[in-house]
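Working notes, structure below.
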Amino acid sequence: MTEIAKEHRLKLGLIRKCKERTFKENLGLLFLNLLLTVALLATPFIYIAWRGASRNVPNANKQPWIKFNDDPSTSACIAWESKENTTSWVQYGLDPGNLDENQTVIGFSGFMHVVNLTGLTPNSKYYYQVGYTEQPGGAFIPHVFGDIWHFWTAPATTDVPFSFLAISDTQESALGMHHHNRVARALARYKDDARFIINGGDVANYGQEQDSWDLFFKCARPYSPCIPFAFTLGNHDDMGTNQPMYRKYFSFNDPGEPLYYSFNYSMLHFVSIPIPWGNPSEFTKFGFMSWLEDDLNKSKDMKYKLVTFHCPLLSSGFFGRNRFLEENLHPLLDEYNVTLVISGHSHHYERCYMDGITYMVAAGGGGLMDPCHHRLPETQLVASHPHYLKIDCTTSNLTVSALTPDGVLFDQAVLGGIA
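Per the numbering used here, the sequence shown starts with residue 16, numbered consecutively.
Written as structure tokens, this is what we have:
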């Protein structure tokens, strides 16, 4: 029997069955089919709406986060945002059971709270609480917001081993199948010991929208109060005149503060420079090249030097290798014996090696993963799944471990520093 004959016979059978049923039965079947069709078509839209609503956190209090302003061995900056206009209050000390009232800082009133702590003891674990105060009738009444959290100060010497973390592209979309919340739960496993965490940019998906930043802080809650941030500007963050939202949350000393900075942490020199797209205009716009050369020259005796910027110099993903950065930035990094470069932008994992420098793309922090189209000659490993980096720094070597959110090790590199 031919296919046409089979199809004709099937149609006749369906017509015969319809004739055998009553009009009411056929109408019921038609209604059921329409209902099932609508349900099938509507399910993805219902899921997207539910996912967006469940992740929306309008006007919510944000748990505190920490950054380094000056010397991370003796100072730290604690910030948070409240849904009400209040004073800023921080109580801190070395004993979680006895936070000394004499170590209390009361800042200015507002919704955005920034408190600088100075005179800290190097290589120490500090505990703290944040909140606000009232003084009715002269009485001092503190109101605590959240738990007792902690952070580490840096060692004062260059021979103390430590660990830190790195992620990039945490740009969760309220309507997408993203994974920063999964990675955040993995990062929280290290909150007692990790000294800081690098975020290589694209912190938020829509850099001008408050909801996008609220979502980042909601997902980062498991680790953000305990592991100081070292941020880098991404192209999604570089939106609006002078990056108003990025500066609000991560660069709040001065509205015109440069978005490049560095610090020493034991035997490591860390540098962050703003290269969100990898365009020549960014070298002029942000004006960091002369500063970078001077900074690397001053730190030339540090055992390890780590530089982070968002757009990768080498990538097997959509953006490929950036010839401009290769010609204008790589020679400087090579001249000053940079050990490791961490970038994001292209949503995959990659480890490359060129002229003694290990270049890594670690953009598995939240955004949808990209395929990797073309493996470069310098590529040693490439993968496309969610991930984060754990980096162990000792006087012997710098060990970079790449792990999935479930803690599975899928790549590791042991890097040497200068003698």
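Idealized CB from N, CA, C, for every residue including glycine.
Could you tell me how far apart the beta carbons of Phe211 and Pro176 are, in whole angstroms, since I believe they sit closer than 8 Å? Residue 211 sits at position 196 when you count from the first residue of the sequence shown. Residue 176 sits at position 161 when you count from the first residue of the sequence shown. No, Phe211 and Pro176 are not in contact; Cβ-Cβ is about 15 Å, not under 8 Å.
Determine the direct distance from the alpha carbon of Gln395 to that of Arg366, and round the result to whole angstroms. Looking up residue 366 in the sequence shown gives position 351. Looking up residue 395 in the sequence shown gives position 380. Distance between the alpha carbons of Arg366 and Gln395 is about 6 Å.
Looking at C-beta atoms only, is the number of pairs between the stretch 350 to 357 and the stretch 319 to 333 that lie closer than 8 Å three or more? yes
Is Pro273 near Trp306, with beta carbons less than 9 Å apart? For the purposes of this step, residue 273 is taken as the residue at position 258 of the sequence shown. For the purposes of this step, residue 306 is taken as the residue at position 291 of the sequence shown. A contact, by the Cβ cut-off of 9 Å.
Counting along the chain, where does the alpha helix (DSSP H) carrying Cys234 start and finish? Working through the sequence shown from its first residue, we reach residue 234 at position 219. Counting along the chain, the alpha helix (DSSP H) containing Cys234 begins and ends at Gln225 to Cys234.
Report the rounded CA-to-CA distance for Val130 versus Leu50, giving the unit in angstroms. As a position in the sequence shown, residue 130 is number 115, starting the count at 1. As a position in the sequence shown, residue 50 is number 35, starting the count at 1. Roughly 57 Å separates the two Cα atoms.
Consider the C-beta atom of Ile290 and the heavy atoms of the ligand ATP; say whether any pair is separated by less than 8 Å. The ligand ATP is absent from the structure shown, which contains no ligand whatsoever.
For Asn100, report the span of its beta strand (DSSP E) as first-last. In the sequence shown, the residue the question calls residue 100 occupies position 85. Residues Ala91 to Gly108.
If Pro111 and Trp95 are in contact, beta carbons under 8 Å, what's the gap, nearest whole angstrom? Counting from 1 along the sequence shown, the entry for residue 111 is found at position 96. Counting from 1 along the sequence shown, the entry for residue 95 is found at position 80. Wrong, their Cβ atoms sit about 19 Å apart, outside the cutoff.
How big is the Cα-Cα spacing for Val347 and Tyr142? By 1-based counting over the sequence shown, the position of residue 347 is 332. By 1-based counting over the sequence shown, the position of residue 142 is 127. One point to set straight first is that residue 347 is Leu, not Val, in the sequence displayed. Whole-angstrom Cα-Cα distance: 40 Å.
What's the gap between the Cα of Phe303 and the Cα of Ile288? For the purposes of this step, residue 303 is taken as the residue at position 288 of the sequence shown. For the purposes of this step, residue 288 is taken as the residue at position 273 of the sequence shown. Looking at the two C-alpha atoms, the distance is approximately 7 Å.
If you follow the alpha helix (DSSP H) that Glu297 is in, where does it begin and where does it stop? As a first step, residue 297 is located in the sequence shown; it is residue number 282 there, counting from the start. Taken as a continuous stretch (DSSP letters only), the alpha helix (DSSP H) holding Glu297 covers Pro295 to Phe301.
With a cut-off of 8 Å, do at least 3 Cβ pairs link the stretch 290 to 304 to the stretch 223 to 231? no
Tell me the rounded alpha-carbon separation between Gly431 and Thr101. What you label residue 431 is simply residue 416 of the sequence shown in a count that begins at 1. What you label residue 101 is simply residue 86 of the sequence shown in a count that begins at 1. So the two alpha carbons sit approximately 49 Å from each other.
Mind reading off the beta-carbon distance from His362 to Leu340? Whole number of angstroms is fine, and I expect it under 8 Å. In the sequence shown, counting from the first residue as 1, residue 362 sits at position 347. In the sequence shown, counting from the first residue as 1, residue 340 sits at position 325. At roughly 19 Å, the Cβ-Cβ gap does not stay under 8 Å, so His362 and Leu340 are not in contact.
Express the C-alpha separation of Val145 and Asp85 in angstroms, rounding to a whole number. Residue mapping note: residue 85 aligns to position 70 of the sequence shown, counting from 1. Residue mapping note: residue 145 aligns to position 130 of the sequence shown, counting from 1. Between Asp85 and Val145, the C-alpha separation is close to 21 Å.
Just reading off the alpha helix (DSSP H) that Pro346 is part of, what are its end residues? For this step, residue 346 is matched to residue 331 along the sequence shown. Where Pro346 is concerned, the enclosing alpha helix (DSSP H) stretches over His345 to Glu350.
Are the beta-carbon atoms of Thr172 and Gly380 separated by less than 9 Å? Taking the sequence shown and counting its residues from 1, one reaches residue 172 at position 157. Taking the sequence shown and counting its residues from 1, one reaches residue 380 at position 365. No; because the gap between Cβ atoms is not below 9 Å, this pair is not in contact.
Ordered along the chain, which non-local residues of its own chain (more than five positions away) have a Cβ less than 6 Å from that of Arg197? As a first step, residue 197 is located in the sequence shown; it is residue number 182 there, counting from the start. Cβ within range, chain order: Pro420.
Inter-residue spacing [alpha-carbon to alpha-carbon] between Met127 and Thr148: Position 112 of the sequence shown, counted from the first residue, corresponds to residue 127. Position 133 of the sequence shown, counted from the first residue, corresponds to residue 148. Roughly 15 Å separates the two Cα atoms.
Go to Phe265, then tell me how far its alpha helix (DSSP H) extends in each direction, as first and last residue. In the sequence shown, counting from the first residue as 1, residue 265 sits at position 250. Per DSSP, Phe265 belongs to the alpha helix (DSSP H) from Pro259 to Phe265.
Quick check: the Cα distance between Asn257 and Ile213, rounded to an integer number of angstroms? On the sequence shown, residue 257 is found 242 positions in, with the first residue counted as 1. On the sequence shown, residue 213 is found 198 positions in, with the first residue counted as 1. Roughly 22 Å between the two C-alpha positions.
Own chain residues within Cβ distance below 6 Å of Met369, not counting five before or after: The residue you call residue 369 lines up with position 354 of the sequence shown. The residues are Glu393.
From Arg264 to Tyr276, what does the alpha carbon distance come to, in whole angstroms? Taking the sequence shown and counting its residues from 1, the one referred to as residue 264 is at position 249. Taking the sequence shown and counting its residues from 1, the one referred to as residue 276 is at position 261. It is Tyr, not Arg, that sits at residue 264 in the sequence shown. Straight-line Cα distance between these residues: approximately 16 Å.
Can you give me the C-alpha to C-alpha distance between Phe46 and His193, rounded to a whole angstrom? Working through the sequence shown from its first residue, we reach residue 46 at position 31. Working through the sequence shown from its first residue, we reach residue 193 at position 178. Their Cα atoms are separated by approximately 37 Å.
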